[in-house]
Amino acid sequence: MSATENETLLRLVHVSKHFGDLKAVDDVSLDIEAGSVTCIVGPSGSGKSTLLRTVNMMESLDGGAIFLRGQMIGHELRRGHRVPVKAAVARRQTLNFGMVFQHFNLFPNYTALENVAAGPMLVRRTNKKTAHGAARRYLEQVGLGDRADHYPSELSGGQQQRVAIARALAMEPQILLFDEPTSALDPELVNEVLAVMRGLADAGSTMLVVTHEMRFAEEVADEIVMMDAGRVVERGAPAQIIHTPSTPRARKFFASVGTLAPSEAR
Amino acid sequence: MTAAPPTTRGIPVDDVSGQSVAALPIKQRVGVGSWLSIALAVFVGLVLIELLIFNDNWNWDLVFSYLFSQVILTGLLNTIVLTVLTTVLGLILGVFTAWCRMSRLVVLRTFALLYIWLMRAMPPLVMLLLVFFWGALVPRLGIGIPFLPPIFEVPTNELISRFSAAIIGLAIYLGAYSAEIIRGGVLSLQSGQFEACRALGLPPRLAYQKILGPQLIRVITPSMANEVITIFKSTSLVSVIGYTELLTTVQTIYARNFETIPLLTVAVIWYLVLTSLAMVGQSRLEKRFGRGFARRSTKKMTSVQATATTGTANVGH
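Sequence order for the protein chains is A and B.
Reading the first sequence from the start, the letters are residues 1 to 266 in UniProt numbering.
Reading the second sequence from the start, the letters are residues 1 to 317 in UniProt numbering.
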């Protein structure tokens with residue numbers, strides 16, 4: 001999954017998303033380089049998850065555009081305006097992204113192995129033997145080779161989330177999207193999921209991660225983007241943004257999550 | 001020679017460490033409630049025996065002589081055929097209606113809603129009569145554009161027989177009700193399941209077929225079983241349009257020989273048999289589509305569970 005350095009893989013240009021009067025995402029522009037890890041942080045309700053969901057078309061855009069390798073996705077040009085792409089095209093475009101949800105969203109009626117193999121078998125028409133073989137390898141990659149035949153209800157939260165990561169990997173996406181992957185987990189289960197994500201980052205995966213795990217963000221991210229009220233407040237290298245944020249809003253946020261001494265908050 | 005230690009109820013009083021108490025087997029507690037419930041069961045059993053066996057008015061000999069008679073079996077077969085065809089047609093209609101009801105297109109949604117509204121308002125008896133006498137309202141059925149000459153048409157009465165009227169009348173009734181049950185099932189699915197399907201790029205038809213559908217069937221099976229069982233009892237309504245099924249057959253017989261109770265008993269026995277079959281089917285469906293929801297308790301599971309806590313992430317590159 002590694003690519004040449006400094007190639008812009010994903011570009012968000014003036015992306016906006018409104019829910020009624022609420023500007024959930026308000027004019028956000030962002031470049032994601034191939035092989036980079038970008039962490040989006042910020043208080044709850046700041047639009048992090050919505051921004052992530054606009055990328056793979058879970059949310060429609062109200063303004064702006066998203067480009068993958070220079071190609072606009074989600075919309076196509078008409079004379080003087082744009083329209084959403086057809087459902088089949090949208091599905092093909094979403095295949096570029098692998099999504100990991102906060103609440104895992106595993107299929108409860110499928111075993112771990114079947115969950116991972118479902119996408120390749122149903123969408124890519126891979127035959128069962130190949131798909132199950134690959135699924136087993138992905139489960140081993142996330143450390144769950146011995147849980148292949150368990151149903152999600154028989155797995156811990158951390159194990160379920162690792163199966164969900166394997167399921168996303170099985171579609172061989174170009175970019176992995178993580179929507180607060182550890183927020184629904186008991187504290188002692190968080191690390192096993194972060195360890196898997198760290199491994200993916202080391203292997204050169206392009207990742208966009210909405211998270212509250214500041215230590216993970218600091219150690220793994222190439223860039224941290226801080227959002228508030230739908231806007232990007234500040235962005236930059238992890239050490240700089242976490243320990244010496246320049247805006248008052250960012251200083252207040254990082255003080256509240258404990259990476260900044262309260263005395264430095266103002 | 002030492003005397004045996006003093007005991008109460010066989011437990012040594014000086015058993016300080018509790019060893020001998022701990023060694024005693026544990027048995028079910030039998031209290032007043034247990035005895036009362038057993039007494040109740042015996043009482044109900046005796047009442048049933050008196051009612052069913054020592055009451056000559058049942059005329060069991062007559063019941064058994066009719067139970068497998070040619071006429072009754074023919075009526076039973078008609079009931080079964082009617083139920084099966086109605087159910088198949090009704091469920092297809094129900095799935096289609098539910099799909100329309102949840103469609104993005106407002107026209108489809110409205111049509112589905114109107115259809116469901118109409119069927120809910122209409123007593124099934126009226127429905128059957130309306131379909132059967134449709135010829136009186138529309139003498140010729142055809143395909144074409146209203147007010148223009150039809151492309152193709154046939155006399156309505158050639159299409160509508162007692163049999164087809166019975167099936168159509170009951171199926172469009174079941175279609176509306178099952179549509180709402182299916183929609184309820186879809187509403188009960190977690191929104192995360194739809195999102196996960198979308199994130200994997202699954203087309204909606206495949207998503208429903210492979211992933212959401214099975215979860216749906218698990219949820220809607222009990223209500224659907226209710227509807228289907230109701231339908232096979234509703235088949236008795238078709239007597240109004242002169243189609244003979246089980247209950248109509250029984251009625252014509254007791255109208256002749258006045259053995260009302262024994263003949264109704266024959267019908268009840270067959271209805272019980274059919275209901276039992278339907279319920280076995282229901283339980284099979286629930287097991288089949290309950291996978292992943294019910295806890296499994298096999299030996300393999302418990303041994304795996306023991307090592308579950310030691311599992312750590314092992315990331316390959």
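Note that CB positions come from ideal geometry on N, CA and C, so glycine has one too.
Computed from a predicted structure; not experimentally measured.
Would you list, in sequence order, the uninterrupted beta strand (DSSP E) runs of no fewer than 3 residues that lie entirely inside the stretch 28–97 of chain A?
-> 37–41, 63–68, 71–73, 75–78 and 81–84
Closest to residue 177 of chain A by CA distance: which of A/79, A/57, A/107 and A/25 is it?
-> A/57
Hey, would you say residue 115 of chain A sits closer than 7 Å to residue 122 of chain A, going by beta carbons?
-> no
Exposed or buried, what is residue 300 of chain A when buried is set at 16 or more other beta-carbons lying within 10 Å of its beta-carbon?
-> Missing from the structure shown is residue 300 of chain A; chain A here goes from 1 to 266 and no further.
Residues bridged to residue 25 of chain A (per DSSP) | A/17
Could you tell me the distance, in whole angstroms, from the CA atom of residue 52 of chain B to the CA atom of residue 60 of chain B?
-> 9 Å
Give the DSSP bridge partners of residue 8 of chain A, in chain order.
-> A/33
In chain A, which residues lie less than 9 Å from residue 293 of chain B when you measure between Cβ atoms?
-> 108, 109, 151 and 153
Determine which residues share a DSSP beta bridge with residue 179 of chain A and list them.
-> A/210
Short check: CB of residue 65 of chain A to CB of residue 28 of chain A, under 7 Å?
-> no
If you measure from the beta carbon of residue 157 of chain A to each beta carbon in chain B, is any gap under 7 Å?
-> no
Taking Cβ positions only, does residue 2 of chain A come closer than 7 Å to chain B?
-> Here the model assigns residue 2 of chain A a pLDDT of 45, short of 50, so the residue's position is not dependable and the matter cannot be decided.
Pick out the complete alpha helix (DSSP H) segments inside the stretch 40–88 of chain B, 4 residues or longer, and give them in chain order.
-> 60–67
Contact with chain B by residue 311 of chain A, beta-carbon distance below 7 Å | Outside the shown range of chain A, which is 1 to 266, sits residue 311 of chain A, and nothing can be said about it.
Give every residue of the same chain whose Cβ lies closer than 7 Å to the Cβ of residue 62 of chain B, excluding the five residues on either side of it in the sequence, and list them in chain order.
-> 259 and 262
Residue-chain proximity (residue 302 of chain B, chain A), Cβ-Cβ < 7 Å | Low local confidence applies: a pLDDT of 41 at residue 302 of chain B is under 50, so the model's placement there is unreliable, and no value is given.
Within chain A, partners of residue 215 of chain B - CB distance below 9 Å | 107, 108 and 109
In the DSSP assignment, find the beta strand (DSSP E) that holds residue 235 of chain A and state where it starts and stops.
-> 231–236
Got a sec? Which residues, its chain only, sit under 6 Å from residue 90 of chain A by beta carbon, not counting five neighbours each side?
-> 57
Between the stretch 235–255 of chain B and the stretch 121–136 of chain B, are three or more C-beta pairs nearer than 8 Å?
-> yes
Bridge partners - residue 153 of chain B, DSSP secondary structure assignment | B/142
Below 8 Å on the Cβ atoms is my guess for residue 151 of chain A versus residue 108 of chain A; work out the distance and round it to an integer in Å.
-> 7 Å
Give me the Cα-Cα distance between residue 285 of chain B and residue 221 of chain B, rounded to the nearest whole angstrom.
-> 7 Å
Cross-chain neighbours of residue 286 of chain B in chain A, by beta carbon under 8 Å = Here the premise fails: no neighbours, minimum Cβ distance about 12 Å.
The alpha helix (DSSP H) enclosing residue 186 of chain A, as first and last residue numbers = Per DSSP, residue 186 of chain A belongs to no alpha helix (DSSP H) and is neither H nor E.
Would a check of beta-carbon distances place residue 326 of chain B closer than 7 Å to chain A?
-> Because chain B spans 1 through 317 in this model, residue 326 of chain B falls outside it and cannot be assessed.
CB-CB under 8 Å to residue 317 of chain B, same chain, minus the five flanking residues each way: which ones, in chain order?
-> In this prediction, residue 317 of chain B scores a pLDDT of 38, lower than 50, which makes its location untrustworthy; no coordinate-derived value is stated.
Straight-line CA distance for residue 50 of chain A to residue 180 of chain A?
-> 12 Å
Top-ranked residue by Cα proximity to residue 155 of chain B, from B/81, B/168, B/169 and B/137 | B/137
Take every Cβ of the stretch 275–282 of chain B, pair it with every Cβ of the stretch 198–207 of chain B, and state whether three or more of those distances are shorter than 8 Å.
-> no
Taking any Cβ of chain A, which residues in the stretch 189–213 of chain B have a Cβ under 7 Å from it, in chain order?
-> 192, 193, 195, 196, 198, 199, 200, 201, 202, 203, 206, 210 and 211
Note the first and the last residue of the continuous beta strand (DSSP E) segment covering residue 223 of chain A.
-> 223–228
Which residues of chain B have a Cβ atom closer than 8 Å to the Cβ of residue 119 of chain A, listed in chain order?
-> 200, 201 and 202
Hey, residue 179 of chain B and residue 252 of chain B: beta-carbon distance below 7 Å or not?
-> no
Alpha-carbon to alpha-carbon, residue 267 of chain B and residue 151 of chain B = 47 Å
Compare the C-beta of residue 103 of chain A with all C-beta atoms of chain B and state if any pair is closer than 7 Å.
-> yes
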